[in-house]
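Notes for the one structure printed next.
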Amino acid sequence: MVNEALENSSAIVLGKLKGVRRKDKGRRFYRKLNRFPYHKLSRFIEYKAKWLGIKVIKINERNTSKLCHKCGGMGLQVRSLFKCPNCGYRYHADYNGAMNILKLLDERVEP
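In my numbering, the protein residues as written are 50 to 160.
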């Protein structure tokens, strides 16, 4: 990720991962989730980026997977598919979330 940002003269946007582990999804889910070192990974990315002079921006990801990036309405996520009952938008849930994060970044950067 850091090398790609360096090659493309880009910044890196990381989500603030606060509250990721709070949802009630069952013991097996939490066991897997708690084994993944989110904080360690993000700190390592920040360290490598700083070393190479790449800007790292942290964005609050709250509701980015729940809101439709087209109309802003509350949508439904069924596995990897995002569906918006307001505008009929249907697409991959990760794409929808990424577009919402991009919007948040634009709002933060624009004057």
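Glycine included, C-beta positions come from ideal geometry on N, C-alpha and C.
- Contact between the segment 108-115 and the segment 142-157 is present: 3 or more CB-CB pairs across the two stretches fall below 8 Å.
- Around the beta carbon of Ala60, fewer than 16 other beta carbons lie within 10 angstroms, which makes this residue exposed.
- DSSP lists Leu130 as the bridge partner or partners of His141.
- Here Ala54 is near Ile103, since their CB atoms are less than 8 Å apart.
- If you check the CB distance, Ser91 and Leu130 do not come in under 8 Å.
- Cys117 is positioned such that its CB atom lies closer than 8 Å to that of Asn145.
- Looking at the backbone, the Cα of Pro86 and that of Lys97 are separated by about 17 Å.
- One thing to note: Ile108 has its Cβ no nearer than 8 Å to the Cβ of Val51.
- Of all alpha-carbon atoms in Asn57, Pro134, Tyr140, the one lying nearest the alpha-carbon of Arg128 is that of Tyr140.
- Linking Arg76 to Trp100 through their CA atoms gives a straight-line distance of about 39 Å.
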